[in-house]
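Let me begin by presenting the structure, written as structure tokens, before commenting on it.
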Amino acid sequence: MRKLLYILIFCMGWVLQLNAQSHIRFNNYWDNMYSLNPASINDAYLGSVSMAARKQWVNFEGAPTTLAATGTLYFEEISTQIGMKIFNEKKGYTNSFDIDFSYSYAVALNNAWKMNLGLAVSYQNYNYDISQMTFATPENPEIYDRLLATNNVNADFGFEFNDQNWKIGAASHNLNSIFDQKNELHANTNIVYAMFRENTDNYINYGFGLSGFQYGNVYQAEFNLSTFIKKDYQSSPIQIGAFYRTWREVGMIFGVDFDKIKLSYSCDYNFGKVMYHSYGTHEITITYNFNKAYQCRTCW
Numbered sequence: 006m007r008k009l010l011y012i013l014i015f016c017m018g019w020v021l022q023l024n025a026q027s028h029i030r031f032n033n034y035w036d037n038m039y040s041l042n043p044a045s046i047n048d049a050y051l052g053s054v055s056m057a058a059r060k061q062w063v064n065f066e067g068a069p070t071t072l073a074a075t076g077t078l079y080f081e082e083i084s085t086q087i088g089m090k091i092f093n094e095k096k097g098y099t100n101s102f103d104i105d106f107s108y109s110y111a112v113a114l115n116n117a118w119k120m121n122l123g124l125a126v127s128y129q130n131y132n133y134d135i136s137q138m139t140f141a142t143p144e145n146p147e148i149y150d151r152l153l154a155t156n157n158v159n160a161d162f163g164f165e166f167n168d169q170n171w172k173i174g175a176a177s178h179n180l181n182s183i184f185d186q187k188n189e190l191h192a193n194t195n196i197v198y199a200m201f202r203e204n205t206d207n208y209i210n211y212g213f214g215l216s217g218f219q220y221g222n223v224y225q226a227e228f229n230l231s232t233f234i235k236k237d238y239q240s241s242p243i244q245i246g247a248f249y250r251t252w253r254e255v256g257m258i259f260g261v262d263f264d265k266i267k268l269s270y271s272c273d274y275n276f277g278k279v280m281y282h283s284y285g286t287h288e289i290t291i292t293y294n295f296n297k298a299y300q301c302r303t304c305w
């Protein structure tokens, strides 16, 4: 266990030294770490589909609206997961679209721990809604040349160590952008995290997570704490959680698990200057899980 903690400390230092840029993420990524790391394998089920919608800073004009979907298929015989992610975010007059395809492989380190490695390739599009813009000199063709849609191909890489209670991992997004300095719209982004969740027959279980993000010259950290309540040891739990994100942002997560279907709602509030112009950020997620896997090493 001590070696894994050393690895986590090393990875956090490594991540915080790399150049990065802003990226799309949801509050409840703890429940679907695959949305951030292609190496995060869900071996509890043979397949899983998740859809989410997020409205940031309600009542703030031009604030981001994000839609996302993820899907994974797990093949027990070869310890392999294939997955797909789709993100669409509209922010002001801009619109970004990403679609990722990933391959992940799990290696058993011992009877309890596994190491996952994952690689993803992505197609990215960034465009502008010119119909909503007003120009002082609309006859100038250079204006429209600068607002042409851009397309890009990129790659992500990640790794994760996990057992029945822990997930410790790191990921780097948009690796191609490290070598293409002109690609400012999809620059390299880096993530490191550690999360723990109890897995007992008790009526109340606890979980927590710590993550670090870097994009550009911006560094951000987040701490998450959740309680999982169930009426008996066989029932699915209800999740009540809270998190704090640096830059004075706090939020809550509420989830109801129906075994194969889980509904989650999250809201957060920023206590910066934006607090005077918005009603907070709200998001909802629905996840459907297919048949359970025969053997699960990392089931929560």
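The opening residue of the sequence shown carries number 6 in the numbering used here; numbering runs sequentially from there. The beta carbon of each residue, even a glycine, is placed where N, CA and C say it ideally should be. Everything numeric in this text was worked out from a predicted model, so none of it was measured.
8 Å contact criterion, which residue i and residue j should meet: CB distance rounded
i: Tyr110; j: Thr85; result: 6 Å
i: Asn32; j: Ile258; result: 6 Å
i: Gly52; j: Thr77; result: 6 Å
i: Ile83; j: Tyr108; result: Actually they do not touch by this definition, with Cβ atoms about 11 Å apart.
Cβ neighbours of residue i in the same chain (closer than 6 Å, five flanking residues each side left out)
i: Ser27; result: Since pLDDT at Ser27 reaches only 44, below the 50 mark, its modelled position is unreliable, and the value read off the structure follows with that caveat. Within the same chain, Ser27 has close Cβ partners Tyr220.
i: Ile291; result: Met56, Leu268
i: His287; result: Lys60, Cys272
i: Ser216; result: Tyr198, Glu227
i: Lys297; result: Tyr50
i: Asn210; result: Glu203, Phe233
i: Gln244; result: Ser231, Phe233, Gly260
i: Ile91; result: Ala74, Ile104
i: Met89; result: Gly76, Phe106
Contact with chain C by residue i, beta-carbon distance below 8 Å
i: Asn167; result: Included in the structure is just one protein chain, with no chain C present.
Nearest residue (CA-CA) to residue i, options the options
i: Val255; options: Gly277, Ile266, Ile243; result: Gly277
i: Glu165; options: Asp185, Met200, Tyr133, Leu153; result: Met200
i: Glu94; options: Asn132, Asn195, Thr77; result: Asn132
i: Phe218; options: Asn37, Asn42, Asp36; result: Asn42
i: Gln225; options: Arg250, Ser283, Asn210, Gln129; result: Arg250
i: Ile135; options: Phe31, Leu153, Ile289, Ser241; result: Leu153
i: Ala73; options: Arg59, Tyr108, Glu81; result: Arg59
i: Asn170; options: Thr205, His287, Phe184; result: Thr205
i: Asp168; options: Ala113, Met280, Asn64; result: Ala113
i: Asn121; options: Thr71, Ser283, Pro69, Tyr39; result: Tyr39
i: Phe364; options: Met280, Thr77, Ala176; result: With the chain represented from 6 up to 305, any question about residue 364 goes unanswered, as that position is not in the structure.
i: Asp105; options: Asn130, Asp185, Ser231, Asn210; result: Asn130
i: Phe295; options: Ser107, Ile266, His282; result: Ile266
i: Gly163; options: Ile196, Leu190, Pro69, Asp185; result: Ile196
i: Leu190; options: His282, Lys172, Arg30, Asn157; result: Asn157
Residue j beta carbon less than 8 Å from that of residue i
i: Ala125; j: Asp103; result: no
i: Asp273; j: Gly260; result: no
i: Gly123; j: Ala44; result: yes
i: Thr155; j: Asn179; result: no
i: Tyr293; j: Val54; result: yes
i: Ser182; j: Ala175; result: no
i: Asn159; j: Ser127; result: yes
i: Pro242; j: Asp264; result: no
i: Tyr208; j: Lys235; result: yes
i: Tyr79; j: Asn116; result: no
Contacting residues, own chain, Cβ-Cβ under 7 Å from residue i (five flanking each side not counted)
i: Gly97; result: Gly67
i: Asn229; result: Trp35, Phe213, Gly214, Gly246, Phe248
Beta-carbon contacts of residue i that lie in its chain and below 8 Å, excluding the five residues immediately before and after
i: Arg253; result: Asn275, Phe276, Gly277
i: Ser177; result: Val20, Leu23, Asp161, Phe162, Gly163, Asn193, Thr194, Asn195, Ile196
Opening and closing residue of the alpha helix (DSSP H) in which residue i lies
i: Asn181; result: 181 to 184
N- and C-terminal bounds of the beta strand (DSSP E) containing residue i
i: Arg253; result: Note, Arg253: premise wrong, no beta strand (DSSP E); not H, not E.
i: Val126; result: 119 to 133
i: Ala74; result: 70 to 80
i: Ala226; result: 223 to 234
i: Phe102; result: 99 to 113
i: Asp273; result: 266 to 275
i: Tyr211; result: 209 to 220
i: Asp161; result: 155 to 167
i: Tyr39; result: Looking at the DSSP string, Tyr39 is not in any beta strand (DSSP E), and its letter there is neither H nor E.
i: Gly285; result: No beta strand (DSSP E) holds Gly285; DSSP gives it neither H nor E.
i: Glu94; result: 85 to 96
i: His178; result: 171 to 178
i: Val197; result: 194 to 202
i: Ser53; result: 52 to 60
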